[in-house]
């Protein structure tokens, strides 16, 4: 994978994705090593993020590398009208690898075409977030022992959630069954459903969260954003339908694990946090190992 | 002290406080060492700070450790409604130690209860600022040769100043005499005065700065904040009463040293800066050594 | 140069300037070394910058040093009314070298007078930007093989552009000829022209960009800022006169190179980016090597 950009999860084959997960396991065992000394990674966050930015920071720092960049654009030349192209060319002169988040769909792909160093897409608009997808896969494999033949429930905003789209597409390589719980306004887009059908896999659409809890191996919760709704009453209705509480987990599988890309607002009640089925905080930690695997593979030091 | 949080100065016994001061002395002699390599410290500043943040940065960097975090919340998930609990759990997954400043009283204590790594409170609202307290103690001991039996004058805003409250309480262990200079509106709270009385120590309240200058070993100046006053005329009156100028130091002890937690606005006139009795800039530097002592003790590398 | 501040390009003699360029060449060959371990450089950007800040970050990080500081003042004590003097004294206690950008002319000189560590001026208002000047000189020497006897065209805002003023003055030591292209409102200030005359060198003023393209060895483009003009129609007229396009380069010297301090807005059309005469991106990269030469010389590790 040396010197390759990661813009969409589909840029890496199934075998390459599994290779990253395997390598991430070795970083989970030994996250602190001196293998990135002298390397500089640029973190360019044109759109705010805490988790993704800090986990890349930690991933690189624990391996002895250095991080430069910005957490928002307020103090950058973007404010003076500098184009994305010029910013990326500049930063590719200063670093060995660029991690970028940007509000516009397609911006990461464009950046990879003008950059002299590889780009890792850390989220471009509603489009792709492939490192989140890989850490989700890592979390599923780790808790279930496999990625094959699982019942995966996705809950909440399936229309705009870039992490959902990436993960559904990745899991179509592993013969999973998809349980899609959303309000009618926020159904999974047809383009993504087509991917499921092409692999001749099953998917079922639900409006009630309760219906999928007894059958799911994984419940992947997402945040529903108020601003997606034109009618506030409609929002209030669905908002309350998708709050997962501890007492709703009675009757669920012993091996069920609950994931969430975080941040959450209220869609997972805090009374679940101490339930062994809650895995979202460990999931976020797994992001460090997956990002260490990606950065070292792309820089060619592993 | 390994793995213990420091939220209030009272979390450490008198002996432990002295242990930190002794260790800080060794860091003053040798501030650059490679003993934190591979360690990641998170600096989470939910409220702005230059001095405290940069001195922790320097303390950790000079010892070979790495720093992640944020200088304000504008580019973080706090803006998306993420709870303090979730932010702290996330960051405790990414780091070995969390340094945090937060505008709300009690937030640091709460964070220490949900975090899997130790927390150092770098200021929580008007409540506590224990690392400032330790560097103040270090500065007093260094300039006076002892912490025992001193005449300490506190000047300015004694009501809201968290550094004053912490330092007064810490010094009640050392048989000091307290000279409290403030406008009537900004007197030391009764709760803090109770601590002095419990140890059967003396305190005297003043309204005139001039009255304490001949007797003090230490004058601890603070900034009076305009926004504390409902009547702007009242503010203007007291503001001018508490500006320390070089000519006012005639007749003060040769060994007098002037401290200030900084930033100052106008309460210490710049004509004092070159007087050997001015110690506030060196005091700020001492913060690096005290923080090196704290971080290495809590991480257990010393 | 050990322990000396660099505020104006004139603080270094012609020989010292050449010494920095020679040292920068060695860093271009080997930019990653472990010679700044244990050193802390403070980057204080009171005014936003991407390029200058990130290139100092990279320069120091690739040599094993650590960087502390701030990218803007929104989260600093400057907001609480702290004076520049106090901020600089504080930071000089925490670091071995301060790099600062500030909106006010003369602020860097003042800072160097109160600081206990050397200051590198990274731009103070419309006054000076000496590290930009040195990287411009490096870029000219590298592409032309010499700094002597060249025809240098400066284009655009010659009145307010601090990089133009510094570079013109530096090049008067090298017997260059100056071709000054600007709208009447934005001519090179008389004070700078006096420097040229004192050395008995030639300068010619133009209003048409086309006139200098056939004779120039270097075309140094600058951004014209709309806010300089009281009459918007006047601005629109000159704005279009100074857009350099690829087809305008027919008839120019084979050895011509186009420089720009960046960021650009539209004054160099992107159709030039792939022309071998476009050198502005490489010019920005050269900034890393020049800054490595400066930092290591001033810290005395070379």
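Chains as they are written, first to last, in the working numbering: chain S, -9 to 292; chain L, -9 to 292; chain Z, -9 to 292.
Even glycine gets a Cβ: it sits at the ideal position worked out from N, Cα and C.
Predicted model, so just to flag it, every value in this text is computed and none were measured.
Name the chain S residues whose beta carbon is nearer than 7 Å to that of residue i?
i: residue 284 (chain Z); result: The contacting residues do not exist; residue 284 (chain Z) stays about 16 Å from chain S at best.
Measuring only between beta-carbons, confirm whether residue i sits less than 9 Å from chain S.
i: residue 47 (chain Z); result: yes
i: residue 182 (chain Z); result: no
i: residue 107 (chain Z); result: no
i: residue 260 (chain Z); result: yes
Excluding five sequence neighbours on each side, which residues of the same chain lie with their C-beta closer than 6 Å to the C-beta of residue i?
i: residue 61 (chain S); result: 35
i: residue 4 (chain L); result: 163
i: residue 159 (chain Z); result: 185
i: residue 32 (chain Z); result: 58, 59, 81, 85 and 88
i: residue 123 (chain Z); result: -1, 156, 157 and 160
i: residue 153 (chain L); result: 119, 122 and 251
i: residue 165 (chain Z); result: 138 and 139
Under 9 Å between C-beta atoms, does residue i make it to chain L?
i: residue 39 (chain S); result: yes
i: residue 176 (chain S); result: no
i: residue 44 (chain S); result: yes
i: residue 228 (chain S); result: no
Spatial neighbours of residue i within its chain, please: C-beta separation below 7 Å, excluding the five flanking residues on both sides.
i: residue 91 (chain L); result: 35, 36, 37, 39, 42, 112 and 113
i: residue 145 (chain S); result: 171, 199, 209, 210, 211, 212 and 232
i: residue -2 (chain Z); result: 118 and 120
i: residue 104 (chain L); result: 75, 78 and 79
i: residue 215 (chain L); result: 147
i: residue 256 (chain S); result: 233
i: residue 94 (chain S); result: 114 and 115
Check the Cβ of residue i against every Cβ in chain Z and list those closer than 7 Å, keeping chain order.
i: residue 254 (chain L); result: 76
Could you name the residues of chain S that residue i contacts, counting a contact when the two beta carbons are closer than 8 Å?
i: residue 35 (chain Z); result: 65
If you measure from the beta carbon of residue i to each beta carbon in chain Z, is any gap under 9 Å?
i: residue 132 (chain L); result: no
i: residue 213 (chain L); result: yes
Quick one: residues in its chain with C-beta nearer than 8 Å to the C-beta of residue i, no 5 flanking neighbours on either side, listed in chain order?
i: residue 235 (chain L); result: 259, 261 and 262
i: residue 206 (chain L); result: 141, 142, 143, 169, 242, 243 and 246
Anything in the stretch 52 to 72 of chain Z with a Cβ closer than 7 Å to a Cβ of chain L? List those residues in chain order, please. 56, 58, 60, 64, 65, 66, 67, 69, 70, 71 and 72
To test your reading of the DSSP string, which unbroken alpha helix (DSSP H) runs of 4 or more residues are found completely within the stretch 154 to 236 of chain S? 180 to 188 and 222 to 231
Name, going along the chain, the residues of the stretch 265 to 290 of chain L whose beta-carbon falls closer than 7 Å to a beta-carbon of chain Z. 271, 274, 275 and 278
Along the stretch 194 to 209 of chain L, where does the CB come closer than 8 Å to a CB of chain Z? Name the residues. none
What residues in the stretch 77 to 90 of chain S have a beta carbon less than 8 Å from any beta carbon of chain Z? 77, 79, 80, 81, 83, 84 and 85
Unbroken stretches of the alpha helix (DSSP H), 4 residues or longer, contained in the stretch 23 to 110 of chain S: 41 to 52, 74 to 84 and 97 to 104
Can you pull out the residues from the stretch 144 to 167 of chain L whose beta carbon lies closer than 7 Å to at least one beta carbon of chain S? none
In chain order, each beta strand (DSSP E) run of at least 3 residues that lies wholly inside the stretch 108 to 156 of chain S: 109 to 114 and 141 to 145
Short-range partners of chain S found in the stretch 9 to 32 of chain Z, where Cβ spacing is below 7 Å: 22
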